[in-house]
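For the first sequence, the tail end lands on 345 under the UniProt record's numbering, and the numbers increase by one without skipping.
Report on the following structure.
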Amino acid sequence: MLQPATFNNNLLEWYHSNKRDLPWRRTDDPYKIWLSEVMLQQTQVITVIPYFEKFITKYPTLSDLAGADEQSLLKDWEGLGYYNRIRNFHSAIKEVEENYGGRVTDDPDEFFKLKGVGPYIGGAVQSIAFNHLLAAVDGNVLRVMARLNADARDTTKASVQKSVKADIESMIPLEAGDFNQALMELGATICTPRTPKCILCPVQQHCEAFKYNTVHDYPVKKKKPKKKEEYYNVYFLQNDRDEIYLYKQEGDLLKGMYELPKFDVDTSMENIEDALGVELDHKKIYIGSEKHIFTHKVWYMEGYLLHTTSSNEHFIPIGEVQNVPMSMAMKKIFRKFIAEETGGL
DNA sequence: CAGACGTGGAT
DNA sequence: TATCCAAGTCT
């Protein structure tokens with residue numbers, strides 16, 4: 001087992017002498033710290049920085065974000081992915097504004113009840129902003145701890161993550177926020193997945209895996225299932241007023257984002273007309289194809305241009321498309337349409 | 001618990 | 001090309 005006192009001192013000393021100047025480390029505002037943690041879920045620091053800067057400029061206080069409308073927030077979040085994060089955060093922030101007087105609670109039990117607050121966010125925010133002695137267990141920490149303890153349990157299991165969280169909380173020092181960040185930073189910069197820099201590791205002497213030269217055996221993770229492939233025809237329905245058909249996605253995937261109408265490749269024109277409530281010239285012009293890879297599925301899209309004389313509430317002027325939130329998947333295929341419009345004359 | 005949920009980068 | 005990974009949470 002680890003010798004907590006020495007380990008903690010070595011880790012914290014390393015952290016303070018190598019501390020990176022990240023934007024969210026310049027504030028003690030719990031709202032901003034919380035926002036940064038939401039953005040950092042499954043997302044690298046380098047990706048988050050510009051989004052974080054944009055958000056704290058546009059929504060400098062909790063009340064500003066509470067008062068924003070969801071569509072604007074989604075537009076600002078566009079490209080960051082996992083869009084439910086901002087919808088859940090907005091919901092939680094509105095709850096704080098209405099039921100907690102706009103102050104982020106420093107009561108962990110209350111905080112954990114808020115939407116989008118799980119074991120990681122709860123521990124991170126409550127330790128960094130309020131110095132509660134709670135762990136913040138992310139992918140970095142799971143990897144670091146698995147190697148330190150030569151722990152061969154499957155780290156993808158929630159039960160194992162819970163156990164690791166408890167282990168850390170049994171040895172966490174009073175500087176809990178710094179300690180959590182130090183553990184994550186160690187994983188992100190030294191104890192990396194592929195070629196860890198053990199030679200530079202401040203806690204090498206405490207590492208069981210290093211001792212037995214088995215660092216590469218950890219962490220143990222269950223393999224991910226293969227992505228499912230989906231094939232769609234994506235349609236640009238353009239009418240005589242230079243409007244195109246666009247609708248707000250209501251399913252779980254990309255909820256709230258706008259989408260061009262897409263159908264399984266074998267869907268008939270008649271069925272498409274019925275589904276969209278439009279009449280179409282049945283002559284379609286091929287625009288191009290795109291592939292988009294999600295975490296769990298792959299879209300293969302074929303884009304077609306179709307003319308229509310119809311118009312309904314789903315048609316918006318082409319020039320206004322840039323104002324609505326759209327997924328990267330749709331933007332990719334949309335660019336081909338724009339290229340056809342401007343370059344094909 | 002297993003699967004859903006974005007996007008971009010590294011190997 | 002295929003796979004993994006990144007400051008995870010929800011259902």
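From the three backbone atoms N, C-alpha and C, an ideal C-beta is built for every residue, glycine too.
Note that the structure is predicted; figures quoted are calculated from it, not measured.
Would you call residue i buried or exposed, if buried means 16 or more other Cβ atoms sit within 10 Å of its Cβ?
i	result
residue 166	exposed
residue 116	buried
residue 244	buried
residue 126	buried
residue 265	exposed
residue 358	Any property of residue 358 remains undetermined from this structure, which presents the chain solely from 1 to 345.
residue 286	exposed
residue 174	exposed
residue 20	exposed
residue 199	exposed
residue 5	exposed
residue 15	buried
residue 365	For residue 365 there is no data in the structure shown, the boundaries of the chain being 1 and 345.
residue 44	exposed
residue 217	exposed
Which class does residue i belong to by DSSP, given the choice of helix, strand or coil?
i	result
residue 39	helix
residue 345	Because residue 345 sits at a pLDDT of 44, beneath the cut-off of 50, its placement in the model cannot be relied upon, and the point is left open.
residue 134	coil
residue 297	strand
residue 253	coil
residue 225	coil
residue 154	strand
residue 316	strand
residue 29	coil
residue 263	strand
residue 68	coil
residue 108	helix
residue 103	coil
residue 171	coil
Per DSSP, what are the beta-bridge partners of residue i in this structure?
i	result
residue 285	305
residue 248	258
residue 238	244, 307
residue 326	258
residue 230	299
residue 291	300
residue 220	154
residue 280	308
State yes or no: is the C-beta of residue i within less than 9 Å of the C-beta of residue j?
i	j	result
residue 61	residue 31	yes
residue 65	residue 52	no
residue 346	residue 251	Shown here, the chain extends from 1 to 345; a query on residue 346 therefore has no answer.
residue 138	residue 81	no
residue 234	residue 301	yes
residue 236	residue 260	yes
residue 371	residue 283	Nothing can be reported for residue 371: it is not among the residues displayed for the chain, which extend from 1 to 345.
residue 154	residue 145	no
residue 242	residue 318	yes
residue 147	residue 68	no
residue 184	residue 141	yes
residue 18	residue 189	yes
Contact defined as beta carbons within less than 8 Å: I believe residue i pairs with residue j. What is the distance between those atoms, to the nearest angstrom?
i	j	result
residue 328	residue 296	Between residue 296 and residue 328 the Cβ distance is about 16 Å, and since that is not below 8 Å, they are no contact.
residue 121	residue 37	5 Å
residue 124	residue 180	6 Å
residue 246	residue 321	7 Å
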